[in-house]
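Have a look at the structure below before the remarks.
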Amino acid sequence: MTEQLKMDEVQPRLLDETGQGAITRPMDRPEGALKVSGRATYAAEYKAANMAYGVMVRAAITRGSYTVDEASVKDMEGFLGVWTDHMIRNSAQGTMNTNPVQPGLNIQYFGQPIAVVAAETFEQARHIAHALRIDYTSEEGFEVDPETASQVDESVPVDQGDLDRAMADAAFTVDATYTTKPHNSAPMEPHASLAEWDGERLTLHGSYQMLKYNRNELADSLGMDAANVRILSPYVGGGFGSKLGIAPEAIGAAVAAKALKRPVRCVLARQQVFQMVVRRTETRQRLRLAADADGRLTGVGHDNWQSNLPDEQFAEPVTAATHFLYGGENRRNAQSVARLNRMASGSVRAPGEAVGMLALENAMDELAEATGIDPIELRIRNIPEIHPESGKQYSSRSLAQCLKEGAEAFGWQDRQAPKARREGEWFVGMGVASAARTNILMESKARVTLNPDGTALVETDMTDIGTGTYAILCQIAAEMLGLDPSKVTVMLGDTDLPPASGSGGSWGAASSGSSVFLGAKAIRARLAERLGCAPEALRLQDGVATGGNNRRPLAELMDGPLVEEGHIQPGSKSDEMAQASYGAHFAEVAVNSVTGEVRVRRTLSCMAAGRILNEKTAASQVHGGMVWGIGSALHEGVEHDHRTGHVVNDDLAEYHIPVHLDAPRHDVLFIEERDDHANPVQAKGIGELGISGAGAAVTNAIYNACGVRVRDYPATPDKIFPHL
Amino acid sequence: MRPFDYVRAETTSDALRADGRIIAGGTNLLDLMKLEVETPERLIDVTRLDLREIEAQENSLRIGALVPNSDLAADERVRRDYPVLSRALLAGASGQLRNKATTGGNLMQRTRCPYFYDTAQPCNKREPGTGCQAREGFNRILAILGTSDKCIATHPSDMAVAMRVLDARIEIESPSGETRLLTLDEFYLLPGDTPERETVLEPGELITAVHLPEPPKGRQAYRKVRDRASYAFALVSVGAAVNVEGGKITDAALAFGGLGPRPWRDAGVEEVLIGETPSAAVFDKAADVLLRDARGFGANDFKIPLTRRVLKAVLSELTGVAQ
Numbered sequence: 190m191t192e193q194l195k196m197d198e199v200q201p202r203l204l205d206e207t208g209q210g211a212i213t214r215p216m217d218r219p220e221g222a223l224k225v226s227g228r229a230t231y232a233a234e235y236k237a238a239n240m241a242y243g244v245m246v247r248a249a250i251t252r253g254s255y256t257v258d259e260a261s262v263k264d265m266e267g268f269l270g271v272w273t274d275h276m277i278r279n280s281a282q283g284t285m286n287t288n289p290v291q292p293g294l295n296i297q298y299f300g301q302p303i304a305v306v307a308a309e310t311f312e313q314a315r316h317i318a319h320a321l322r323i324d325y326t327s328e329e330g331f332e333v334d335p336e337t338a339s340q341v342d343e344s345v346p347v348d349q350g351d352l353d354r355a356m357a358d359a360a361f362t363v364d365a366t367y368t369t370k371p372h373n374s375a376p377m378e379p380h381a382s383l384a385e386w387d388g389e390r391l392t393l394h395g396s397y398q399m400l401k402y403n404r405n406e407l408a409d410s411l412g413m414d415a416a417n418v419r420i421l422s423p424y425v426g427g428g429f430g431s432k433l434g435i436a437p438e439a440i441g442a443a444v445a446a447k448a449l450k451r452p453v454r455c456v457l458a459r460q461q462v463f464q465m466v467v468r469r470t471e472t473r474q475r476l477r478l479a480a481d482a483d484g485r486l487t488g489v490g491h492d493n494w495q496s497n498l499p500d501e502q503f504a505e506p507v508t509a510a511t512h513f514l515y516g517g518e519n520r521r522n523a524q525s526v527a528r529l530n531r532m533a534s535g536s537v538r539a540p541g542e543a544v545g546m547l548a549l550e551n552a553m554d555e556l557a558e559a560t561g562i563d564p565i566e567l568r569i570r571n572i573p574e575i576h577p578e579s580g581k582q583y584s585s586r587s588l589a590q591c592l593k594e595g596a597e598a599f600g601w602q603d604r605q606a607p608k609a610r611r612e613g614e615w616f617v618g619m620g621v622a623s624a625a626r627t628n629i630l631m632e633s634k635a636r637v638t639l640n641p642d643g644t645a646l647v648e649t650d651m652t653d654i655g656t657g658t659y660a661i662l663c664q665i666a667a668e669m670l671g672l673d674p675s676k677v678t679v680m681l682g683d684t685d686l687p688p689a690s691g692s693g694g695s696w697g698a699a700s701s702g703s704s705v706f707l708g709a710k711a712i713r714a715r716l717a718e719r720l721g722c723a724p725e726a727l728r729l730q731d732g733v734a735t736g737g738n739n740r741r742p743l744a745e746l747m748d749g750p751l752v753e754e755g756h757i758q759p760g761s762k763s764d765e766m767a768q769a770s771y772g773a774h775f776a777e778v779a780v781n782s783v784t785g786e787v788r789v790r791r792t793l794s795c796m797a798a799g800r801i802l803n804e805k806t807a808a809s810q811v812h813g814g815m816v817w818g819i820g821s822a823l824h825e826g827v828e829h830d831h832r833t834g835h836v837v838n839d840d841l842a843e844y845h846i847p848v849h850l851d852a853p854r855h856d857v858l859f860i861e862e863r864d865d866h867a868n869p870v871q872a873k874g875i876g877e878l879g880i881s882g883a884g885a886a887v888t889n890a891i892y893n894a895c896g897v898r899v900r901d902y903p904a905t906p907d908k909i910f911p912h913l
Numbered sequence: 356m357r358p359f360d361y362v363r364a365e366t367t368s369d370a371l372r373a374d375g376r377i378i379a380g381g382t383n384l385l386d387l388m389k390l391e392v393e394t395p396e397r398l399i400d401v402t403r404l405d406l407r408e409i410e411a412q413e414n415s416l417r418i419g420a421l422v423p424n425s426d427l428a429a430d431e432r433v434r435r436d437y438p439v440l441s442r443a444l445l446a447g448a449s450g451q452l453r454n455k456a457t458t459g460g461n462l463m464q465r466t467r468c469p470y471f472y473d474t475a476q477p478c479n480k481r482e483p484g485t486g487c488q489a490r491e492g493f494n495r496i497l498a499i500l501g502t503s504d505k506c507i508a509t510h511p512s513d514m515a516v517a518m519r520v521l522d523a524r525i526e527i528e529s530p531s532g533e534t535r536l537l538t539l540d541e542f543y544l545l546p547g548d549t550p551e552r553e554t555v556l557e558p559g560e561l562i563t564a565v566h567l568p569e570p571p572k573g574r575q576a577y578r579k580v581r582d583r584a585s586y587a588f589a590l591v592s593v594g595a596a597v598n599v600e601g602g603k604i605t606d607a608a609l610a611f612g613g614l615g616p617r618p619w620r621d622a623g624v625e626e627v628l629i630g631e632t633p634s635a636a637v638f639d640k641a642a643d644v645l646l647r648d649a650r651g652f653g654a655n656d657f658k659i660p661l662t663r664r665v666l667k668a669v670l671s672e673l674t675g676v677a678q
């Protein structure tokens with residue numbers, strides 16, 4: 190049986206009635222011990238009998254065509270083969286569901302995956318990949334500079350009122366340009382696939398975020414029927430967008446395995462993760478804010494310039510939060526996507542907000558400075574009644590409360606004027622930024638089984654990319670079925686299981702969580718029927734059912750397992766209301782007056798994301814977001830060579846993500862909230878809220894510390910010390 | 356990684372007789388081999404040799420070549436008498452790497468120029484005669500002093516900067532059984548037309564120790580500026596030992612990291628300081644001398660003014676005179 194719900198109506202808050210006490214509490218993730226003891230098997234750790242090793246080969250020119258000279262390597266020890274068939278140019282974009290661009294023997298950027306070699310051992314394969322002779326025919330006329338690109342796709346998605354007029358008439362204005370460098374997801378686990386064929390059937394152990402799409406992408410790339418593809422990703426060591434779509438190593442492993450009639454494992458080297466998957470585009474953003482004498486916005490302009498390869502549909506939604514966060518009747522956004530011969534741009538954690546809010550929230554700080562209004566008060570004053578573009582009502586929105594309670598907890602009242610607080614060589618200051626991330630519900634399915642012995646099983650092809658999916662699905666099932674969470678087993682990451690939303694867009698927990706909720710709800714209905722009470726009257730707690738003056742252990746009500754499938758679909762509620770998670774980030778930083786080095790001292794995030802399903806895993810998401818925010822504010826930037834476009838800093842020594850010392854104490858507070866319009870569990874996304882705006886709190890704190898306004902991210906010492 | 360032979364040396368003479376590339380901690384060499392930047396046919400593992408002692412000798416310290424960076428940094432004598440070295444070591448790499456990296460290996464680490472690491476790019480150091488992509492490329496971390504048309508790589512070591520301050524001598528044993536002691540300036544070559552040659556170490560020779568002479572008079576400091584709080588190579592670093600008596604600078608030794616192809620020391624800088632009453636003006640003069648031939652290549656231009664600021668701050672700290 191399938192319990193289906195299209196989210197057209199507000200649903201009752203059943204999880205507030207169940208009373209098992211499993212939901213929300215900061216439960217440890219059930220698979221945590223496996224992970225920290227090395228017993229959780231990740232894609233690159235699977236071994237198959239008679240397995241061969243594949244290594245991807247990259248293009249070493251920027252544009253042209255190529256052939257591989259198999260003879261150059263065929264006598265090398267361990268050589269099994271080299272193939273160029275079906276190569277994908279870059280990873281599929283998130284939810285693409287079809288093959289990414291397959292350019293054949295054409296090269297469109299330096300670093301493009303152009304072949305896979307296989308050998309008996311990994312070391313042999315790597316050596317052969319290095320030795321393989323590629324005959325290139327270079328083509329001139331490639332472009333790698335976004336500022337001079339000849340092909341630029343321009344659009345003006347929002348043009349409302351008269352922004353120029355609003356700017357001219359305003360009491361206060363900000364008109365500033367901000368730039369951000371490209372980012373790499375840099376997940377701890379590199380992309381990895383083990384492909385095994387059984388006749389026409391392909392099984393792939395991979396590291397992917399959205400299996401139901403990945404299966405179709407893989408099948409389409411290989412020209413086969415998706416029904417013959419099974420993907421398993423029970424554990425994923427971080428994805429951050431880079432594993433949303435099928436990636437080059439999966440194709441390489443599958444092609445080589447088919448040709449060799451042997452299992453083939455292919456793992457991207459760290460450098461290849463930087464070269465051939467997807468990056469976040471660099472951006473240039475112009476922010477125009479017009480405000481009246483009271484600091485109320487009358488106009489908001491947010492134009493952006495970015496880049497991508499030709500034929501990629503994805504564009505970074507830089508203004509994602511700008512559309513709805515603050516008011517102002519005159520609004521304009523323009524977007525330019527330069528078409529370049531550089532690695533593809535795609536989703537990297539919080540596509541849009543991660544960089545768009547750096548600029549927006551920095552600009553709001555500049556407006557606060559211009560108006561002389563406290564940055565928190567300015568933000569609160571500009572929270573709009575209705576969506577300033579669509580006119581829709583907002584669903585739950587605790588932004589003002591997040592700003593106020595966060596400020597109180599952080600000690601915002603001790604903030605002083607720029608340069609006022611000094612400790613030896615260090616200027617010390619505080620910064621704030623709003624956080625906002627659009628909430629999305631996606632179709633998702635899960636199967637829930639309740640056994641007479643009081644155990645339960647949740648099955649779905651949903652993934653846990655380190656986020657805590659195992660924990661929260663366990664808690665939802667336990668809460669609904671009245672079981673201790675230790676009695677619930679969650680099986681994930683297998684396309685043979687009911688297809689879920691996948692992990693991405695911050696929609697995974699609420700979407701797949703709703704499907705589990707619905708499956709469990711259907712089981713509750715059957716138990717109520719057996720107990721002879723209305724479903725609303727049923728109470729399940731610790732393996733005992735109560736209702737209609739009856740009280741029976743589950744075992745007495747059941748003659749076998751009860752199996753139900755939950756199926757959530759987005760409905761009219763998604764369009765009726767403007768839905769987003771909100772929060773406020775606070776940072777205290779010290780800036781060295783000699784060197785311009787910035788050291789974050791402490792941070793705090795006060796978040797509101799509907800029902801919090803697990804306070805620990807939710808807080809961990811926010812911690813991770815803040816670390817990313819610190820990285821984007823201070824450290825991270827992919828450097829492309831200006832002649833070839835290739836990624837220069839392609840390892841973790843020179844692509845600087847924060848280390849522990851860069852990311853000190855971070856407190857996370859949650860505001861109690863339910864979003865009845867979001868989904869039947871009243872939760873909203875939190876996976877990307879933590880990064881949205883976080884970096885701007887850091888750069889705003891830099892300004893408050895030392896009076897230097899950094900608009901060119903990341904704020905490395907060279908951007909600061911010359912102004913001190 | 357190209358297939359290679361592996362030989363474990365049981366004695367120093369084994370190591371000297373064997374023809375191959377020396378490996379100790381391998382924290383740099385193995386990375387380079389995976390990338391095939393280095394393709395030795397044979398590795399000589401010297402980690403079993405008896406070179407792990409830090410011995411006090413008359414007014415000096417002999418540091419065995421296999422002493423791990425973490426042990427050296429923690430050594431009580433080093434911390435007490437040569438704090439610049441302890442601090443430099445702790446400013447480098449990560450705890451895990453310092454446990455594995457050795458004193459001799461640290462001296463021998465290769466540049467972190469990204470074009471050197473990428474075998475799809477021309478690089479005169481890796482493949483002589485192919486050209487330097489870094490000069491006009493992304494050169495943020497590269498050198499402003501001692502460069503040549505052929506190469507602008509920096510030497511990445513923090514430890515070596517401190518050793519340069521301390522007038523350390525590198526003990527080298529040759530296959531003929533001779534031992535020689537070289538200063539770091541004698542040991543490291545400037546790139547000139549042969550950037551592939553980084554040291555005077557001849558094939559078959561082995562670094563067996565580093566000798567620290569009598570501790571310098573006065574106070575010592577190591578200051579490193581980097582892009583993140585830990586685990587990043589120096590943008591600029593300054594190692595210094597300065598003594599002030601009777602209001603005058605009597606002794607000064609200064610060396611710099613992140614600026615040149617070797618730990619950089621310029622006697623002219625010290626000449627400007629010695630005998631002078633410390634002041635912001637004198638510090639500026641020292642910076643003028645240090646930087647008179649400095650040349651940026653675009654992304655690393657900022658190192659020139661940054662070096663001046665850091666040098667002045669270090670001198671100010673050590674002399675107690677405000678900048």
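Quick mapping for you: the protein sequence lines, in order, are chains A and B.
Anchor point for the first sequence: position 154 equals 343 in this note's numbering, and the numbering is continuous, going up by one each time.
Anchor point for the second sequence: position 237 equals 592 in this note's numbering, and the numbering is continuous, going up by one each time.
Idealized CB from N, CA, C, for every residue including glycine.
Since the model is a prediction, treat every value here as computed from it, not as a measurement.
Next item on the list: Select from B:ASN479, B:LYS389, B:LEU673 the residue whose C-alpha is nearest the C-alpha of B:THR632.
Entry: Walking along the second sequence from the start, residue 632 of chain B turns up at place 277. Checked all of B:ASN479, B:LYS389, B:LEU673; the closest Cα to B:THR632 is B:LEU673.
Notebook entry, point to check: Among A:MET532, A:ALA527, A:VAL537, which has the Cα closest to the Cα of A:SER132?
Noted result: What is shown of chain A runs 190 to 913, which leaves residue 132 of chain A out entirely.
Check: Of all the CB atoms in chain A, is at least one closer than 7 angstroms to the CB of B:GLU391?
Finding: By 1-based counting over the second sequence, the position of residue 391 of chain B is 36. Yes, because at least one Cβ of chain A sits closer than 7 angstroms to the Cβ of B:GLU391.
Notebook entry, point to check: Between which two residues does the beta strand (DSSP E) carrying A:PRO346 extend?
Noted result: On the first sequence, position 157 is the one that residue 346 of chain A refers to. It spans 341–349 - the beta strand (DSSP E) in which A:PRO346 sits, taken as one unbroken run.
Item checked: Endpoints, the beta strand (DSSP E) within which A:ARG272 is located -> In the first sequence, the residue the question calls residue 272 of chain A occupies position 83. Reading off the sequence, residue 272 of chain A comes out as Trp, not Arg. 268–272 is the extent of the beta strand (DSSP E) around A:TRP272.
Next item on the list: Report back the beta-carbon spacing between A:SER692 and A:THR638 to the nearest angstrom; my notes put them in contact at under 8 angstroms.
Entry: Taking the first sequence and counting its residues from 1, the one referred to as residue 692 of chain A is at position 503. Taking the first sequence and counting its residues from 1, the one referred to as residue 638 of chain A is at position 449. Not a contact, Cβ separation roughly 23 angstroms.
Next item on the list: Can you give me, in chain order, the residues of the stretch 577–594 of chain B that have a beta carbon less than 9 angstroms from any beta carbon in chain A?
Entry: ARG578, VAL580, ARG581, ASP582, ARG583, ALA584, SER585, TYR586, ALA587, PHE588, LEU590, VAL591
Notebook entry, point to check: Taking Cβ positions, are A:VAL887 and A:ALA779 nearer each other than 7 angstroms?
Noted result: Stepping through the first sequence from its first residue, residue 887 of chain A is reached at position 698. Stepping through the first sequence from its first residue, residue 779 of chain A is reached at position 590. Contact: no.
Item checked: Amino acids of chain B, ordered along the chain, whose beta-carbon sits closer than 9 angstroms to that of A:LEU321 -> As a working mapping, residue 321 of chain A is identified with position 132 in the first sequence. The contacting residues do not exist; A:LEU321 stays about 12 angstroms from chain B at best.
Next item on the list: Answer yes if the stretch 814–823 of chain A comes into contact with the stretch 658–678 of chain A, meaning at least three C-beta pairs across the two stretches below 8 angstroms, and no otherwise.
Entry: no
Notebook entry, point to check: Can A:SER690 and A:SER633 be called in contact, C-beta distance under 7 angstroms?
Noted result: Indexing the first sequence from 1 puts residue 690 of chain A at position 501. Indexing the first sequence from 1 puts residue 633 of chain A at position 444. Result yes, Cβ atoms of A:SER690 and A:SER633 sit closer than 7 angstroms.
Next item on the list: Under 9 angstroms between beta-carbons, which chain B residues line up against A:ARG788? List them in chain order, please.
Entry: For the purposes of this step, residue 788 of chain A is taken as residue 599 along the first sequence, with counting starting at 1. Going along chain B in sequence order, the residues near A:ARG788 (Cβ under 9 angstroms) are ALA584.
Margin query: Let's test the definition: count the other Cβ atoms within 10 Å of the Cβ of B:GLY602 and tell me whether it reaches 16, buried, or not, exposed.
Written below: In the second sequence, residue 602 of chain B corresponds to position 247, counting from 1. Label assigned to B:GLY602: exposed.
Check: Hey, which unbroken runs of the beta strand (DSSP E) at 3 residues or more fall wholly within the stretch 528–557 of chain B?
Finding: 534–538
Item checked: Nearest-angstrom beta carbon gap, A:ALA480 and A:THR560 [assumed within contact, 8 angstroms] -> Along the first sequence, read from residue 1 onward, the residue named residue 560 of chain A stands at position 371. Along the first sequence, read from residue 1 onward, the residue named residue 480 of chain A stands at position 291. About 6 angstroms; that satisfies the 8 angstroms criterion.
Checklist line | Which listed residue (A:GLY541, A:ASN868, A:GLU777, A:GLY760) has its alpha carbon closest to that of A:GLY799 | finding: Locating residue 799 of chain A in the first sequence gives position 610, counting from the first residue. The option with the nearest alpha carbon to A:GLY799 is A:ASN868.
Checklist line | Simplified DSSP assignment, three categories, for A:LEU203 | finding: Your numbering for residue 203 of chain A matches position 14 in the first sequence. The answer is helix: DSSP assigns A:LEU203 an H, G or I state.
Checklist line | chain C contact for A:ASP901 (CB, 7 angstroms cutoff) | finding: Checking the listed chains, one finds no chain C in this structure; the protein chains it contains are A and B.
Item checked: Against chain A: residues of the stretch 426–451 of chain B by CB proximity under 9 angstroms -> SER449
Checklist line | Beta-carbon gap between A:ALA381 and A:SER396 smaller than 7 angstroms | finding: One-based indexing of the first sequence puts residue 381 of chain A at position 192. One-based indexing of the first sequence puts residue 396 of chain A at position 207. Closer than 7 angstroms, so yes.
Margin query: Checking the sheet assignment: what are the DSSP bridge partners for A:SER327?
Written below: Within the first sequence, numbered from 1, the residue matching residue 327 of chain A stands at position 138. For A:SER327, which the question treats as bridged, DSSP gives the partners A:GLY253.
Note to self: Can you tell me where the alpha helix (DSSP H) holding B:GLY459 begins and where it ends?
What the structure shows: Here residue 459 of chain B refers to the residue found at position 104 of the second sequence. Per DSSP, B:GLY459 belongs to the alpha helix (DSSP H) from 458–463.
Note to self: Taking the beta strand (DSSP E) that A:HIS774 belongs to, which residues open and close that run?
What the structure shows: For the purposes of this step, residue 774 of chain A is taken as the residue at position 585 of the first sequence. Looking at the DSSP string, the run of the beta strand (DSSP E) that includes A:HIS774 is 769–781.
Notebook entry, point to check: In whole angstroms, what separates the C-alpha of B:ALA428 from that of B:ALA443?
Noted result: Here residue 428 of chain B refers to the residue found at position 73 of the second sequence. Here residue 443 of chain B refers to the residue found at position 88 of the second sequence. Roughly 8 angstroms between the two C-alpha positions.
Checklist line | Cβ-based burial, A:PRO911 [other Cβ within 10 Å; buried from 16] | finding: Here residue 911 of chain A refers to the residue found at position 722 when the first sequence is read from its first residue. The residue is exposed, with fewer than 16 neighbouring Cβ atoms inside 10 Å.
Next item on the list: State yes or no: is the beta carbon of B:ALA475 nearer than 7 angstroms to at least one beta carbon in chain A?
Entry: Here residue 475 of chain B refers to the residue found at position 120 when the second sequence is read from its first residue. Cβ-Cβ to chain A under 7 angstroms: yes for B:ALA475.
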